[in-house]
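For the sequence shown, full-length UniProt numbering begins at 1 and goes up steadily by one.
Reading through the structure tokens given below for one structure.
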Amino acid sequence: MAIGALGGTIASTSDADDGSEIVPTLSAERLVAAVPGLGAIATVRAETLAQLPSPSLDEPTVLRTLRWARDAVDAGAAGVVITQGTDTLEESAYLLDLFWDRPEPLVLTGAMRSAQAAGADGPANLLTAVRCALAPGSRERGALVAFDDEVHQARWVAKTDSMSTSAFRSAGFGPIGRCVEAEVVYGVPASRAPALDLPSADTPDTPDPRVPLLATYLGDDGHVLDAVRDSGVDGVVIAGFGAGHVSAAMARAVGRAAERMPVVFASRTGSGPTGRAMYGYPGSEIDLLARGAIGAGWLPPVKARLLLWALLATGPADTARLRDELTARGTP
1 MAIGALGGTI
11 ASTSDADDGS
21 EIVPTLSAER
31 LVAAVPGLGA
41 IATVRAETLA
51 QLPSPSLDEP
61 TVLRTLRWAR
71 DAVDAGAAGV
81 VITQGTDTLE
91 ESAYLLDLFW
101 DRPEPLVLTG
111 AMRSAQAAGA
121 DGPANLLTAV
131 RCALAPGSRE
141 RGALVAFDDE
151 VHQARWVAKT
161 DSMSTSAFRS
171 AGFGPIGRCV
181 EAEVVYGVPA
191 SRAPALDLPS
201 ADTPDTPDPR
211 VPLLATYLGD
221 DGHVLDAVRD
231 SGVDGVVIAG
241 FGAGHVSAAM
251 ARAVGRAAER
261 MPVVFASRTG
271 SGPTGRAMYG
281 YPGSEIDLLA
291 RGAIGAGWLP
301 PVKARLLLWA
311 LLATGPADTA
321 RLRDELTARG
331 TP
């Protein structure tokens, strides 16, 4: 079993008497040592890959982590666990899932309370993640998130609470498994989308597309999207109202942007898909599709952005290719 640590709350401590101002300090080895009974269920190789707060992670760091995980299973690891901060865990998990091409489980976890806090949840979450990574039923499921004794698919999981120890939910679909009395039990058969080709190893020429995410709002006139379009980005994702809707003025900006680059629209609601054929007013899903934008389906905005980034990093910005991939991966 291989465990890679990236930092986050699970690895954070404080020098203050009241436990405030925590920062990532603990190594992977110290995280493992703090989990009672872990050594009895697995032989662990732990490595500190980074000591970063969750918001400081980025796509190149996540892809380096993925290459490390691939090397670990190629060297004989039965599975891999990655620990990191929870703020971006849903994004890291999905980016890893897009490129994870091994049958072995790749499981992410973290904590909502620091290592020094009363009732720290990091050790329990790490133990659940290891059990998940060792479970035969976890194979061929891609990247998973194990948190608070639940197991979620990377594609649907999201952090839905800023403080609760049960912060992660999969809106619309729920968790696919649970850890009960040390056993990981799944309620659905194993399935996964085909892995994308991993971009070339880190070099100065490694693709790193610029794909911003814009949330629309009451009275949005499209001027921010026009500015983004003119800044030289490679694509953009719009978090729209309801089933992916925007104002009439924003719709015109979407059309202008779609003439230059891929534009994807998703729903900002937190649950449910983008529409395809219900509304016909300017700014509706039918209108945006006619202007050349692509619907994200069931993918939430942050996942749609990662998918667009990954597709642009690994191939041409071909509209048909992008639409096909978003349709396939945005469908349950």
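Quick reminder that beta carbons are idealized off the backbone N, C-alpha and C, glycines included.
(message) Going by DSSP in three states, Thr43 sits in which element: helix, strand or coil?
(response) coil
(message) Measuring only the C-alpha atoms, how far is Pro301 from Trp68?
(response) 28 Å
(message) In whole angstroms, give me the CA-to-CA distance for Leu134 and Val224.
(response) 47 Å
(request) Indicate whether Ala313 and Phe265 have their beta-carbon atoms separated by less than 8 Å. (result) no
(message) Runs of 3 residues minimum, wholly inside the region 111-153: which ones carry the beta strand (DSSP E) assignment?
(response) 143-147 and 150-153
(request) Report all residues from its chain with a CB closer than 8 Å to the CB of Glu285; omit the five preceding and five following residues, and keep chain order. (result) Ala243, Gly244, His245, Phe265, Thr274, Gly275, Arg276, Ala277, Met278, Tyr279 and Gly295
(message) With H, G and I counted as helix, E and B as strand and the rest as coil, what does DSSP make of Pro36?
(response) coil
(message) Does the region 133-152 come into contact with the region 82-93, if we say contact requires no fewer than three beta-carbon pairs (one atom in each stretch) closer than 8 Å?
(response) yes
(message) Leu49 and Thr65 - do their beta-carbons sit closer together than 8 Å?
(response) yes
(message) Less than 8 Å between the C-beta atoms of Gly292 and Ala249, yes or no?
(response) no
(request) Using the Cα positions of Leu307 and Ala328, report the straight-line distance between them to the nearest angstrom. (result) 11 Å
(request) With a 10 Å radius around its C-beta and 16 neighbouring C-beta atoms as the bar for buried, classify Ala93 as buried or exposed. (result) buried
(request) Could you tell me which residues DSSP pairs with Glu183 in its beta bridges? (result) Val180
(message) So, at 8 Å on beta carbons, what are the nonlocal neighbours of Asn125 in its own chain, with the 5 sequence-adjacent residues on each side left out?
(response) Ile10, Thr109, Gly110, Ala111, Ala146, Phe147 and Asp148
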